[in-house]
Amino acid sequence: MTQNSHKPGSIIAVRHSTYTHYGIVSDRYDETGAPMVIDNSAAKGLVQERTWNEAVGNKPVSRASFQSMLPPEIIVLRARQHIGKLKYCLFSSNCEAFARRVAGLEPKSHQIAACGITAPTAAYFTYKATDGNWFWTLVAATAAVAATTYAVGK
Numbered sequence: 539m540t541q542n543s544h545k546p547g548s549i550i551a552v553r554h555s556t557y558t559h560y561g562i563v564s565d566r567y568d569e570t571g572a573p574m575v576i577d578n579s580a581a582k583g584l585v586q587e588r589t590w591n592e593a594v595g596n597k598p599v600s601r602a603s604f605q606s607m608l609p610p611e612i613i614v615l616r617a618r619q620h621i622g623k624l625k626y627c628l629f630s631s632n633c634e635a636f637a638r639r640v641a642g643l644e645p646k647s648h649q650i651a652a653c654g655i656t657a658p659t660a661a662y663f664t665y666k667a668t669d670g671n672w673f674w675t676l677v678a679a680t681a682a683v684a685a686t687t688y689a690v691g692k
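Following our numbering from start to finish, the sequence shown increments by one per residue and tops out at 692.
Put into structure tokens, the structure is as follows:
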């Protein structure tokens with residue numbers, strides 16, 4: 539979907555190679571006419587309103603799998619209230635948790651929750667299968683995180 543097909547208040551999902559990034563389409567536009575995006579990114583460390591190009595780039599964008607019953611203008615208002623205030627934390631306040639919070643949903647991340655199951659399981663079985671080889675255990679856990687976030691984020 540193109541940037542102009544997303545209305546203010548839309549919750550968008552930006553597909554990266556191993557995870558999905560979430561943001562809120564703003565009611566403000568940059569100098570090119572593209573909508574701004576309010577998101578909580580690890581790159582910035584806290585909630586910011588960024589240009590479409592900075593937040594999305596050329597990555598595939600779709601509507602998030604979760605949506606809100608709140609009016610779009612309320613979603614944008616709620617998102618804007620966190621700008622510069624809510625800090626990024628991978629486990630408790632990441633982009634998905636932020637998008638869900640401002641949408642009036644439980645602020646959680648399905649990607650992180652799924653990793654909490656698959657990574658330890660992969661690590662355990664690899665550790666046992668390799669007679670305690672920590673290198674392969676770490677490789678298996680890392681691969682499990684990448685595969686899980688990719689699958690859950692789709």
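C-beta: ideal position from N, C-alpha, C; glycine also. If you're wondering where the values come from, they're calculated on a predicted model, not measured in any experiment.
- Environment of D577 [buried if 16+ CB atoms lie within 10 Å]: buried
- Message: Comparing C-alpha positions only, which one of Y560, N671, L676 and S555 sits nearest to F636?
- Response: For the residues Y560, N671, L676 and S555, the minimum Cα distance to F636 belongs to Y560.
- What's the C-alpha gap between P645 and L676? About 29 Å.
- Task: Counting only runs of 3+ residues fully inside the region 575-654, write out the beta strand (DSSP E) ranges in chain order.
- Result: 585-588 and 599-601
- Query: Quick one: Cα of K623 to Cα of V640, how far?
  - Reply: Just so you know, the alpha carbons of K623 and V640 end up roughly 14 Å apart.
- Message: Spatial neighbours of A651 within its chain, please: C-beta separation below 8 Å, excluding the five flanking residues on both sides.
- Response: Any answer about A651 is weak, because its pLDDT of 48 lies below 50 and its placement is not dependable; what the coordinates show is given next. Closer than 8 Å at Cβ, skipping near neighbours: no residue.
- Task: Spatial neighbours of R566 within its chain, please: CB distance less than 8 Å, with the 5 preceding and 5 following residues excluded, ordered by chain position.
- Result: P573, M574 and E587
- Message: Mapping the DSSP letters down to three states, classify A667 as helix, strand or coil.
- Response: Note: A667 maps to helix in three-state DSSP.
- Per DSSP, what kind of secondary structure is S543 in: helix, strand or coil? helix
- Item | Rounded separation between F604 and V585 - CA only | 20 Å
- Message: Can you list, in chain order, the residues of its chain with a C-beta nearer than 7 Å to that of C633? Leave out the 5 residues immediately preceding and following it.
- Response: H559, Y560, G561, D577, N578 and S579
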